[in-house]
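Reading through the structure tokens given below for one structure.
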Amino acid sequence: MSTSSLRKPVDPHVLVAEVVTTKQVSPHLRRVTLGIDDIDRLTLVGDDQWFRLFLPRPGQDALKLPTRTSNLGWYAQYLATPRARRPLVRNYTIRAARPDLGEIDVDFVLHGHDDGADPAAPTGPGAGFAAAARPGDRVGILDQGAYHRPRPGCAWTLLVADESGLPAVAGICESLPDDARGVAVVEVPTADDRQDFRVPDGVDLRWVVRERAAADDAALGEVPGRAALAFVRDTFHEAGLPARDGYALVAGEQALAAGVRRHLVNDRQWPKAHVDFIGYWRHGKASPS
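Its first residue numbered 1204, the sequence shown is counted upward by one per residue in our numbering.
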């Protein structure tokens, strides 16, 4: 994970949020709308703004949130809390915000909760929360800033993600200026998981549908992100991207993030400083609780 270019949060606070509504936006993505009474304490910057999500553990009757907000401070406080009283912590992206209503939308990838999902796929706390969320359920959030920060002089933007990075790509595209140029590559499990969002005319949005890719090559369906990585490697030249003066942000499964970065730097001779990559998760390995 590259963190050198992370745009740090502005005056972060640990905020309490309540579930307002939920909506199944596609077979594998569920949107949870969270209401935040003091949303004015959350500095909304757009792009791929992400946050720590604090969830109650099963059986907990109260949500114990950290009071410190620095990276070292909140985590030290978290570790000092007995495990049974600690909240579960996961990272998510703000998909949309309506500060006038005191609301944010968060999209969760669901595994094993519908007929189209792989029943053997692990179900994490975030997916479980989204699937069972009801109005009034309380969570905590702590703003962490954004990763998207194009380098000066970069004429193009390349965005690559699997479904876990789709909210980030959508948020970035909606924040890009009208004259932005580039390519966005997003892998989703099925064609029905594609979404409509604002994309500048000069940005070419390419959807990679995993089930279609797997029909041609079964290996491309075994791990999320593998089909997107193959697409970038095999069809990069067709997109018309320059060899060296672009900026890239890759987000999703760790092998996808590392693989695209390696391809751009080693095979396409992009400067390392022009490529940001975020491994949200690792296939076959659950995040620690």
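Where is the CB? At the ideal position from N, CA and C, for every residue including glycine.
Check                                                                                                                    : Outcome
Rounded distance between the beta-carbons of Gln1252 and Gly1356, thought under 8 Å                                      : Gly1356 to Gln1252, Cβ: 24 Å. No contact.
Same chain, Cβ closer than 7 Å to Ala1433, neighbours up to 5 away in sequence not counted                               : Leu1423
Neighbourhood of Gln1227 by C-beta distance below 6 Å, restricted to the same chain and skipping five residues each side : Arg1233
Ordered list of beta strand (DSSP E) runs contained in the region 1293-1355, each at least 3 residues                    : 1299-1301, 1306-1312, 1341-1348
Other residues of its chain near Val1435: CB distance less than 7 Å, five sequence neighbours each side excluded         : Val1363, Val1388, Val1463, His1466
Sub-8 Å separation of Val1217 and Leu1268 beta-carbons                                                                   : yes
Spatial distance of Gly1368 from Gly1262 (CA atoms)                                                                      : 30 Å
Nearest-angstrom Cα separation, counted from Gly1305 out to Arg1289                                                      : 27 Å
Beta-ladder partner(s) of Val1389, from DSSP                                                                             : Ala1364, Trp1410
Three-state secondary structure assigned by DSSP to Leu1209                                                              : coil
Sub-8 Å separation of Asp1308 and Thr1236 beta-carbons                                                                   : yes
DSSP-derived helix/strand/coil call for Arg1471                                                                          : coil
Rounded separation between Thr1206 and His1477 - CA only                                                                 : Bear in mind that a pLDDT of 45 at Thr1206, under 50, signals an unreliable position, so the model cannot answer this.
Cβ pair Phe1400, Gly1343 closer than 8 Å                                                                                 : no
Reference Ala1287, options Ser1273, Arg1260, Phe1311, Ala1300, closest by Cα                                             : Arg1260
Member of Pro1302, Ala1358, Ala1430, Asp1310 whose CA lies at the smallest distance from the CA of His1231               : Asp1310
Gly1276 - DSSP class collapsed to helix/strand/coil                                                                      : helix
Cβ neighbour criterion (16 or more within 10 Å) applied to Pro1370                                                       : buried
Cβ neighbours of Ser1273 in the same chain (closer than 8 Å, five flanking residues each side left out)                  : none
Cβ shell of Ala1358 (< 6 Å), same chain only, five flanking positions each side left out                                 : Asp1448
C-alpha gap between Gln1280 and Val1426, whole angstroms                                                                 : 35 Å
DSSP three-state assignment for Ala1265, whether helix, strand or coil                                                   : coil
Straight-line Cα distance separating Asn1294 from Tyr1278                                                                : 14 Å
Counted within 10 angstroms of its Cβ, other Cβ atoms place Leu1428 as buried (16 or more) or exposed                    : According to the sequence as given, residue 1428 is Gly; it is not Leu. Gly1428 is buried by the Cβ-count criterion.
Assigned secondary structure, Gly1249 (DSSP; H/G/I helix, E/B strand, else coil)                                         : coil
Member of Gly1455, Tyr1450, Pro1285 whose CA lies at the smallest distance from the CA of Gln1472                        : Tyr1450
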